[in-house]
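Protein chains in written order, with my numbering: chain A, 1277 to 1389; chain B, 4 to 116. Glycine included, every Cβ here is placed at the ideal spot set by N, Cα and C. Data block below; observations after.
Next comes the structure, spelled out in structure tokens:
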């Protein structure tokens, strides 16, 4: 079993829809949670960075962490065609291990006109 | 724009050869991490360097090695290339070795034939 599970999609939605992307994990030591967006032929771009449980909002993006369920989510409101990309969740422990991130496999999102 | 640049963007090598990939980190970022991203997968941690010393390693064999230089540049070297080494190699930098979010470059696409 992988430490981080993420539905690979592809997920196709109409423009303006609310998108929900999710990851589950098994390692209870994970404390920092991130979402990256990766366009084709590009490196991952950091979208959201959260510590422990709770919600964080940034513009059209909201990240949620539920440590009791080992479940994290990214919501995108008013989705745009420019949001079409692969979304990667990533996480790491509190101390030690340097900056080693454990990633999900990524969910491919397509927002259609 | 993350300030992390990688070269070359694409590279084709033959099985058994050696390859060197290069990364230029953001000024002031003392930590550089390297990741391997196979097609359709999330990035996998190779290793991290902090102030020119290896500071963490993932599950990769010794034929993967690295160097970090005082001018915020670094190298990833892979010896005895195998077909499975074909992947996108990503470099990421951060200002410290433990806790800051990582910012990635656009990667080097390596194809081994």
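**Prompt:** Is the shortest distance between the beta-carbon of residue 114(B) and the beta-carbons of chain A less than 8 Å?
**Reply:** no
**Cβ pair residue 1312(A), residue 1367(A) closer than 8 Å** = no
**Prompt:** Since residue 1308(A) sits in a beta bridge, which residues does DSSP pair it with?
**Reply:** 1327(A), 1368(A)
**Message:** Under 8 Å, Cβ to Cβ, is there at least one residue of chain B near residue 1319(A)?
**Reply:** yes
**Prompt:** Based on Cα-Cα distance, which residue from 70(B), 55(B), 51(B) lies nearest to residue 61(B)?
**Reply:** 51(B)
**Asked** Run through DSSP, which three-state label would residue 86(B) get?
**Response** helix
**Item:** residue 87(B) burial status per 10 Å Cβ neighbour count (16 or more: buried)
**Value:** exposed
**Item:** Environment of residue 92(B) [buried if 16+ CB atoms lie within 10 Å]
**Value:** buried
**Asked** For residue 1297(A), which residues from the same chain have a beta carbon less than 6 Å from its beta carbon, with the 5 sequence-adjacent residues on both sides left out?
**Response** 1350, 1363, 1383
**Prompt:** In three-state terms, what does DSSP make of residue 1357(A)?
**Reply:** helix
**Request:** Determine contact between the region 1339–1346 of chain A and the region 1280–1289 of chain A, defined as no fewer than three beta-carbon pairs at a distance below 8 Å.
**Result:** no
**Request:** Tell me, please, whether the CB atom of residue 93(B) is closer than 8 Å to any CB atom in chain A?
**Result:** yes
**Message:** Could you check whether the region 72–83 of chain B touches the region 31–50 of chain B, counting it as contact only if at least three pairs of C-beta atoms, one from each stretch, sit closer than 8 Å?
**Reply:** yes
**Asked** Taking Cβ positions, are residue 83(B) and residue 41(B) nearer each other than 8 Å?
**Response** no
**Request:** With 8 Å as the C-beta to C-beta threshold (strictly closer), list the residues of the region 1287–1298 of chain A near chain B in chain order.
**Result:** none
**Asked** Who are the near neighbours of residue 1375(A) in its chain, counting only those whose CB is closer than 8 Å to its CB and skipping five residues on each side?
**Response** 1368
**Prompt:** Going along chain B, which residues have a C-beta under 8 Å from residue 1323(A)?
**Reply:** Under the 8 Å cutoff, chain B gives no residues; its nearest Cβ is about 10 Å from residue 1323(A).
**Message:** Looking at residue 103(B): is its Cβ nearer than 8 Å to the Cβ of residue 28(B)?
**Reply:** no
**Request:** Would you verify that the beta carbon of residue 61(B) is, or is not, closer than 8 Å to some beta carbon of chain A?
**Result:** yes
**Message:** Would you say residue 67(B) lies against chain A (beta-carbon separation less than 8 Å)?
**Reply:** no
**Request:** Would you mind working out which of 1282(A), 1277(A), 1304(A) sits nearest residue 1370(A), comparing C-alpha positions?
**Result:** 1304(A)
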